[in-house]
Every structure is written in C-alpha cells, then in structure tokens.
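In my numbering, the protein residues as written are 7 to 387.
Below you'll find the structure, written out as structure tokens, and then a few comments.
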C-alpha cells in the first residue's frame with residue numbers, strides 16, 4: 007500500500023502530518039511512504055531526514071498518484087486533490103460540520119474522508135486523539151501569550167527594590183487545554199484559579215495546585231458527549247456570567263477554553279463582564295476560531311478596549327510546529343494501526359473508530375452529523 011503526505015497549503019500552517027521517525031515505523035508495517043518535497047521544512051524536518059528514513063520524497067503529483075492513504079493536517083480542497091481518485095482515503099482535520107460542501111465535493115470525486123476530530127473519545131482511541139494533542143499545546147501557548155501581554159510578572163519576586171506579588175490567573179474550562187494552561191501558569195509562579203461547569207473536574211484542577219472556583223449555580227445538564235461540558239440554556243449562561251463578573255474584576259489574566267468542534271463557542275465574557283475588568287487585564291480566548299468566549303474577541307487579532315487586552319489566537323499548535331507535528335504524527339501512526347492489517351490497507355466499517363470518523367465513502371456523505379449540516383447548508387442557500 008502507498009501512504010501519501012502532501013505539503014500543507016493553509017496560510018500559516020507549519021505542521022506536517024507525518025515525521026520521519028513514524029514514517030520509518032509505517033515502512034516496517036509494509037507500507038510505501040511518499041512525502042511531498044518540502045512538506046516538513048516549516049517544522050524543521052528536512053527532506054534528507056525523510057530520505058534517511060527510507061521515504062520517497064517527490065512532487066505533489068507523484069505523491070498523490072495511486073495513493074491508498076493520504077495523511078494531512080487540514081485536509082484538502084477539491085482543487086488541491088490533483089490526481090487522487092478511488093480508493094484513496096484522506097485523513098485530517100476536515101471540519102466536516104463547519105464545511106460540509108467541501109466534504110460533498112470531495113465525496114463526489116469518490117474519495118473516502120476520515121475526519122480526525124470525529125474520532126470517538128473512547129479508551130481504545132486515546133492514542134489517536136488529535137484534539138487532545140493539539141489542545142495541550144494550545145493551553146501551554148495561551149499562558150505564554152497572557153504573560154507576554156500582561157503588564158506584570160507572573161511569579162512572586164522578593165527583591166531589594168521591594169516585593170512583587172504574583173499574578174492572578176483565572177482559567178475557564180478544565181478540559182485538556184484548560185488543565186495544561188493551569189499547569190503552565192502554576193509553573194510560571196502565578197496564583198491560579200480554575201472554573202468549569204462540571205463539578206467532577208475539581209479534583210483535577212486542585213491536583214495541579216490551583217483553586218477550583220464554585221459559582222453555586224445548579225447545572226441543568228450533566229457532562230455532554232465526548233467528555234465535553236453539556237450545552238446549557240441561555241438563562242444558565244446569564245446567571246453564570248453574573249457570578250463570573252464579580253469574581254473576575256480582581257484578576258490579571260483570564261484564559262477561556264470553552265469550545266466544542268462543530269459548534270459556536272458559548273459567550274462567557276459579554277460586554278457586561280469586560281466592562282468590569284480592571285485596566286491591564288489580559289484575556290486569551292482559545293475559542294476565537296469558533297466565535298469566541300469573549301465579546302471583544304476578534305480571531306487572529308489583539309484588541310485593546312479601555313485598557314483590557316483581548317488576544318484571539320488562531321491555530322496555536324502551528325506556532326510550535328516541531329512538537330505539534332511529532333504529536334500529530336504519533337496519532338497518525340496509531341490510527342494506521344487499525345487501518346493497516348498484514349501489510350494491506352483495510353477500511354473496516356465494523357470498527358467503532360472507523361465508523362465514527364468516516365464522513366464520506368463510496369461517493370456519498372455517510373456521517374449523520376455531516377448529512378444534517380449539509381442539509382442545513384442547502385436550505386440556507
């Protein structure tokens with residue numbers, strides 16, 4: 007079988023889907039691996055490293071020719087798929103619920119599409135959990151952005167010129183990104199508080215040395231699917247915002263992480279709250295690409311409003327391309343373990359992981375959530 011790794015084309019993307027070490031591991035499974043020339047350069051994996059691993063480095067056209075499995079980070083646009091044809095399977099962050107028409111266009115070309123963000127969050131799939139891998143990096147980088155824009159230092163410092171009190175950091179959301187943000191802020195010496203509507207994460211927050219804030223607002227629905235917090239009513243979020251506003255007026259940095267793939271991010275910091283933040287407060291909104299948790303967020307920009315700085319980063323994992331690529335590549339290697347059997351490519355539709363993440367097959371969009379998104383997009387035309 008032939009595995010193809012093209013160069014990413016999305017603006018600002020520096021990751022590569024497969025690093026040389028894991029490419030060598032796939033060759034031991036009996037696969038031929040082709041990588042487009044320069045695909046790993048932005049992540050500091052030179053073509054010579056792939057060649058040393060036994061990989062064939064070639065042009066995009068040669069990489070796609072007769073490919074069985076195409077590993078990408080951001081998927082492919084219909085006009086980027088070149089000579090790809092059936093039975094090729096394209097793997098990556100395809101955003102099928104956000105962009106169902108692209109999925110349909112690729113499906114029309116008889117390509118099978120495997121969207122990694124749709125992989126079921128079950129124990130057996132933990133090694134393939136690209137969302138967690140990238141969220142961990144985003145949580146780490148969010149704290150560095152907060153420290154960069156904050157007008158104060160994070161740690162307690164006792165100097166001859168006086169004592170500097172530690173910064174107060176408040177993290178909203180205790181998923182993978184939030185917990186990593188808490189751990190990183192603590193390592194930098196800040197006083198950290200964490201908040202999540204799921205009371206069961208309290209122990210995890212406190213195990214990292216942070217205080218868990220309880221707003222005493224009864225949760226309407228328990229934890230949602232995939233380990234995410236369940237969506238609540240508008241009235242719940244209104245009461246939550248009121249309670250948060252009182253608490254946030256004295257912090258130095260706020261990191262928000264409330265986002266679920268395929269959905270608009272909940273508004274946690276409306277203008278009524280940001281107006282109460284003291285000048286110098288920094289907000290880093292990790293949900294910027296999904297509409298933002300803060301009313302002032304502009305994706306990809308830094309906004310300053312009445313002394314409050316709001317950072318809306320996009321694609322943070324791409325800013326750490328080497329380690330992000332290593333983690334994503336390992337996820338791809340683990341995924342290949344269920345797609346390659348006895349040296350041959352096999353798409354087992356009875357496998358829970360394959361069935362959960364396969365969004366298009368045999369010329370049709372087959373995932374119910376993507377079918378619903380496509381129907382909604384057609385109605386909106």
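Positions of the beta carbon are idealized from the N, C-alpha and C atoms, including for glycine.
Bear in mind that the values here come from a model prediction, so they are computed numbers and not experimental data.
Legend entry - Neighbourhood of residue 149 by C-beta distance below 6 Å, restricted to the same chain and skipping five residues each side: 187, 190 and 191
Legend entry - At least 3 beta-carbon pairs within less than 8 Å: the segment 148–163 vs the segment 132–140: no
Legend entry - Status (buried if at least 16 other CB within 10 Å, exposed otherwise) for residue 157: exposed
Legend entry - Neighbourhood of residue 96 by C-beta, 8 Å cutoff - its chain only, sequence neighbours within 5 removed: 76, 78, 81, 82, 87, 90, 112, 117, 118, 119 and 120
Inset, instruction - Return yes when the Cβ of residue 26 is within less than 7 Å of the Cβ of residue 50, no when it is not. - result: no
Legend entry - 4 or more residues per run - each alpha helix (DSSP H) lying fully within the segment 65–94: 66–70
Inset, instruction - Would you list the one or two residues that DSSP bridges to residue 10? - result: 40 and 76
Inset, instruction - Say whether the segment 36–55 touches the segment 297–307, bearing in mind that this needs 3 or more beta-carbon pairs closer than 8 Å, one atom from each stretch. - result: no
Inset, instruction - Buried or exposed for residue 348, please, with buried defined as at least 16 other CB atoms from any protein chain shown within 10 angstroms of its CB. - result: exposed
Legend entry - CB contact flag (residue 69, residue 38, <7 Å): no
Inset, instruction - Would you list, in sequence order, the uninterrupted alpha helix (DSSP H) runs of no fewer than 4 residues that lie entirely inside the segment 171–231? - result: 182–193 and 208–213
Inset, instruction - Could you tell me whether the Cβ atoms of residue 180 and residue 200 are closer together than 7 Å? - result: yes
Legend entry - Contacting residues, own chain, Cβ-Cβ under 6 Å from residue 198 (five flanking each side not counted): 175, 188, 191, 192 and 216
Inset, instruction - State the beta-bridge partners of residue 315 as determined by DSSP. - result: 288 and 310
Legend entry - Cα-Cα separation, residue 384 to residue 271: 23 Å
Inset, instruction - Please classify residue 263: does DSSP put it in a helix, a strand, or coil? - result: coil
Legend entry - Straight-line Cα distance separating residue 355 from residue 372: 11 Å
Legend entry - N- and C-terminal bounds of the beta strand (DSSP E) containing residue 163: 163–165
Legend entry - Unbroken stretches of the alpha helix (DSSP H), 4 residues or longer, contained in the segment 317–354: 327–345
Inset, instruction - Take the Cβ of residue 28 as the centre, count every other Cβ of all protein chains shown within 10 Å, and call the residue buried at 16 or more, exposed below. - result: buried
Inset, instruction - Starting from residue 373, trace the beta strand (DSSP E) both ways and give me its first and last residue. - result: It is not in any beta strand (DSSP E) - residue 373 carries neither H nor E in the DSSP assignment.
Legend entry - Backbone CA spacing between residue 255 and residue 138 [nearest angstrom]: 31 Å
Inset, instruction - Give the single residue among 208, 376, 387 and 46 whose Cα lies nearest to the Cα of residue 100. - result: 376
Inset, instruction - Identify the continuous beta strand (DSSP E) that holds residue 121 and give its terminal residues. - result: 118–121
Legend entry - Neighbourhood of residue 46 by C-beta distance below 6 Å, restricted to the same chain and skipping five residues each side: 22
Inset, instruction - Could you tell me how far apart the beta carbons of residue 301 and residue 338 are, in whole angstroms, since I believe they sit closer than 8 Å? - result: Contact doesn't hold; Cβ gap of about 37 Å is too wide.
Legend entry - Cα-Cα separation between residue 328 and residue 245, rounded to whole angstroms: 42 Å
Inset, instruction - Determine, using beta carbons only, whether residue 142 and residue 323 come nearer to each other than 7 Å. - result: no
Inset, instruction - Tell me whether the beta-carbon of residue 279 lies closer than 7 Å to the beta-carbon of residue 251. - result: yes
Legend entry - Euclidean distance between Cα positions of residue 310 and residue 318: 11 Å
Legend entry - Range of the contiguous beta strand (DSSP E) that encloses residue 137: Unbroken run through residue 137 is the alpha helix (DSSP H), 136–155; no beta strand (DSSP E).
Legend entry - Residue span of the beta strand (DSSP E) that contains residue 365, given as start and end: 364–367
Legend entry - Opening and closing residue of the alpha helix (DSSP H) in which residue 32 lies: 26–34
Inset, instruction - Please report how far the alpha carbon of residue 32 lies from the alpha carbon of residue 381, in whole angstroms. - result: 38 Å
Inset, instruction - Please list, in chain order, all residues of the same chain as residue 171 whose beta carbon is under 8 Å from its beta carbon, the five residues on each side excluded. - result: 162
Inset, instruction - Helix, strand or coil for residue 251, going by three-state DSSP, please let me know. - result: helix
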